[in-house]
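Just add 394 to wherever you are in the sequence shown, counting from 1, and you've got our numbering.
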Amino acid sequence: MAALIPKMMLRQLYTYASLENTAAGVQFSIKNRLSDAKLTEILKIKINDQEIPLSDIDLLIDGHTYPADIVQPNKPLDFDLRQIINIRVDIPALPLGKHKIDISVRTKPFGKLSFDVEDSISEKSDMVRIPRDEHDNFSDSAIKQRQKFVEEYTGAKLQHVSHYSFDPHVLSGNIENFTGVAQIPLG
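This is the structure in structure tokens:
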């Protein structure tokens, strides 16, 4: 039995501003913002009303690439809460501007989930970005990358920021790009 989830909520699975042209095709991301689930079937992906054959769709998950047509009820893919799946389709580059994306999948425990979104291809900017690790943004290596970035970007040496006495993973959901701590004198 399929769960009745409003389309507005399903659209939150899509990561807006993730649509981009790559050397291997067009790519966008979805993130599980519902609950732990399993993908049991990719039913349909359409871009601008053009249905993409499953054989031209790859799912990039935690550094591994899975062809979409291998996802079956007897071979489901885990889609855990907060997990990101990059979906790459083998089509020519999209022009700059808005594009409509239709996604339809079958899952356990939610059943069939179908939704559509609009996203844009825009010119790449040279915007400075804080380093981020898609797989474990609270790992020591991710935090050290951000600390190095702050030092290089500001020219300031971080003396106390890197000395924290807790597992940064406890901050998940409360801070996006943990870099360190600030000391506050008490007394």
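All C-beta atoms, glycine included, are put in the ideal place defined by N, C-alpha and C.
Inset, instruction - Enumerate, from N- to C-terminal direction, the unbroken alpha helix (DSSP H) stretches of 4 or more residues contained entirely within the segment 401–473. - result: Here the runs fully enclosed are 401–404.
Legend entry - Residues bridged to V511 (per DSSP): I495, per the DSSP bridge assignment.
Legend entry - Backbone CA spacing between D443 and L433 [nearest angstrom]: In this structure, the alpha-carbon of D443 lies about 23 Å from that of L433.
Inset, instruction - Please go through the same chain and pick out, in chain order, the residues whose beta-carbon is closer than 8 Å to the beta-carbon of M395, but skip the five residues on each side of it. - result: Bear in mind that a pLDDT of 49 at M395, under 50, signals an unreliable position, so the number given afterwards is only what the model happens to contain. These residues qualify, in order along the chain: G505.
Inset, instruction - Give the straight-line distance between the Cα atoms of G581 and V575, rounded to the nearest whole angstrom. - result: Rounded to the nearest whole angstrom, the C-alpha separation of G581 and V575 is 19 Å.
Legend entry - With 16 other Cβ atoms within 10 Å as the buried cut-off, status of N468: It counts as exposed.
Inset, instruction - Could you name the residues of the same chain whose beta carbon sits closer than 6 Å to that of D389, not counting the 5 residues immediately before and after it, in chain order? - result: This structure leaves residue 389 out entirely; the chain is present only between 395 and 581.
Inset, instruction - Assess, as a yes-or-no matter, whether the segment 449–462 is touched by the segment 471–483 under the definition of 3 or more beta carbon pairs within less than 8 Å. - result: Yes, the segment 471–483 touches the segment 449–462.
Legend entry - Beta-carbon contacts of I446 that lie in its chain and below 6 Å, excluding the five residues immediately before and after: Apart from the 5 residues on each side of it in sequence, I446 sits with its Cβ closer than 6 Å to the Cβ of I439, V483 in its chain, given in chain order.
Legend entry - Where V522 sits in the DSSP three-state scheme: Here DSSP, grouped into helix, strand and coil, assigns V522 to coil.
Inset, instruction - Would you decide whether L475 is buried or exposed? Buried here means 16 or more other CB atoms lie within 10 Å of its CB. - result: Under the 10 Å beta carbon count, L475 is surrounded by fewer than 16 other beta carbons and is classified as exposed.
Legend entry - Nearest-angstrom Cα separation, counted from H554 out to F532: Near 18 Å, if we compare the C-alpha coordinates of H554 and F532.
Inset, instruction - Under 7 Å Cβ to Cβ from V544, same chain only, skipping five residues before and after it: list those, please. - result: Correct list, in chain order: L552, T573.
Inset, instruction - Identify whether Q577 lies in helix, strand or coil by the three-state DSSP scheme. - result: Per DSSP, reduced to three states, the secondary structure at Q577 is coil, with no helix or strand assignment.
Legend entry - Check whether P525 and Q539 have beta carbons under 8 Å apart: Contact check for P525 against Q539 passes: the beta carbons are separated by less than 8 Å.
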